[in-house]
Each structure stands twice: as structure tokens, then as C-alpha cells.
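The structure under discussion appears below in the form of C-alpha cells.
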């Protein structure tokens, strides 16, 4: 682990990331000691930092530190955390503060191959996501809704859960973005009120552009989702997981998901 470029695992107790969740993060794969899809990941990180007015470290600094960590953990999952840094007590940020950056790489989880081929059983979570348009799309450190939703999956045979917002529109998985194929159109939920816009979501939308598939960002209710021809979840760690079972939805074949999955596995895209 590196904290502001130095090896260690201790941060100041007055860091705003700890006190208020005042920061952002990205999770990405490391392959052969290098960050995968780095340009896309950094662009998202920078965008999120700018939205919260947190100074973002340069791409060169972060990639160099990731590669430094990659020398001892060449294959794994990297996490980059950027906080607003240390300040005195109170919600108001200091006029001038130095951001804290925390980088770490952990071994990647070996998910069953069946998740990506046959698909997964998904749970309809009871937790509902609140609306906050100022934070929508941002991968900020306030993830309590996701923590509570993920706790619904513990001890149950559900690798992922479906999250809806307070008005009943489906938004995402507990840790992933969501897509649904209906006819010849691929839909992904509208994230202007809540949710996180991930790198894999962006890549799937790029695949649609390149292969002439219509992709629409839309408000979908669960009743509409369950009428889909295919449903799948994506993120940078799991890749793509088709859904084989969700409430009364059942599917054994996922041809569109498999096509996209093959393309996503080529990290050059």
C-alpha cells in the first residue's frame, strides 16, 4: 500500500475521507504489473474529482505508483482512493487543502467460470437508492446504500443484487452496472439521479456504437426489466455476468451478452 507515494497503512484520523467520506475511488484490474484500461479509468477518476472540487493527482503520478506496487503484485485488483485530505473539525472544507491518495493492490477473486457463461442468480434488493443529482454517476466514498444492499446477499446463493431507486426505477447491481436487451435495443438505466457510471458501462456503450447496436439510456421499472430478452451486469472486476434468474425471469442462453463479453475481454478496447 502507498499513501501519498510512501509505503504504509496509516492515515491521519482527521482525514476527511475517513470523517465524512469526502473523496472518490476507482477499482481496476492489474495485468502483468500494469493497470488495465488506464486511460478510461483515469478519465473517470479525474471527472469525479473535478465534480467534488478535489485536486486530482496526475495520471503519471498514479500510474507510476501503480506500477511500483505491481512489481510485487503483478496480477490483482488495484484500488485508488483520493480524499480531500486533512482539515479541522466541521463539514466545510478548508480553502486550501492537499488531497490524500491511497493506492493498494490485492489478489483478484477467483469467481466460478459458470458466472460468466451460464449466468448468475440475482436478488431483488430491498434497499432503495436515494436521489442526489449532484452526486449521481460519481464513485464517491459514501457507499452505505451499497453496503446495506450487499449485506442482503450474505449467506445466500446470489452473487449480485438488483438495486432500484426510491421511485421504483432499476439502477444497477450492488457493485455493477446493468444492461437489458429488449428486441434489438440494449438498455441501460438512467443515472442522472443516483448510481455510479462505471468504466465497463462506458465500454459496453462503445461496443454498441462500433457494432451498430442501438443503446438507450432509459428509466426502466422492474416489471419492464423482467420482460427483457437478456439481462447482464458489468464492472471492471467481474467483467460481465449474464443473469440466468431474477425474480420470475429465467434464461439459459445469453448470445448478446456473450458477444459483448468476448469484446470486453480484449483489454485493447
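Numbering (this note's numbering), first residue to last: 37 to 305. Here a beta-carbon is modelled for each residue, glycine too, at the ideal position from N, C-alpha and C. These numbers come from a predicted model, not from an experiment.
Per DSSP, residue 88 is one residue of the alpha helix (DSSP H) stretching across 74-88. In this structure, 111 is the residue among 37, 182 and 111 with its C-alpha nearest to the C-alpha of residue 273. With contacts defined as CB atoms closer than 9 Å, residue 134 and residue 38 fail to qualify as a contacting pair. Counted as a single uninterrupted DSSP element, the alpha helix (DSSP H) harbouring residue 235 occupies residues 235-247.
At least 9 Å separates the beta-carbon of residue 156 from that of residue 232. According to the DSSP assignment, residue 258 belongs to the alpha helix (DSSP H) that extends over 258-261.
When C-beta atoms of the region 189-197 are compared with those of the region 213-227, fewer than three pairs fall below 8 Å, so the two segments do not count as touching. In summary, residue 130 is exposed, with fewer than 16 beta-carbon neighbours lying within 10 Å of its beta-carbon over all protein chains present. Within 10 angstroms of the beta-carbon of residue 253 lie fewer than 16 other beta-carbons, which makes it exposed.
Within the same chain, Cβ atoms closer than 7 Å to the Cβ of residue 276 are found at 152, 268, 270, 293, 296, 297 and 300, the five residues on either side in sequence being excluded. Nearest in C-alpha terms to residue 137, of all of 54, 198 and 167, is 54. If you draw a 10 Å sphere on the C-beta of residue 182, you find 16 or more other C-beta atoms in it, and that means buried.
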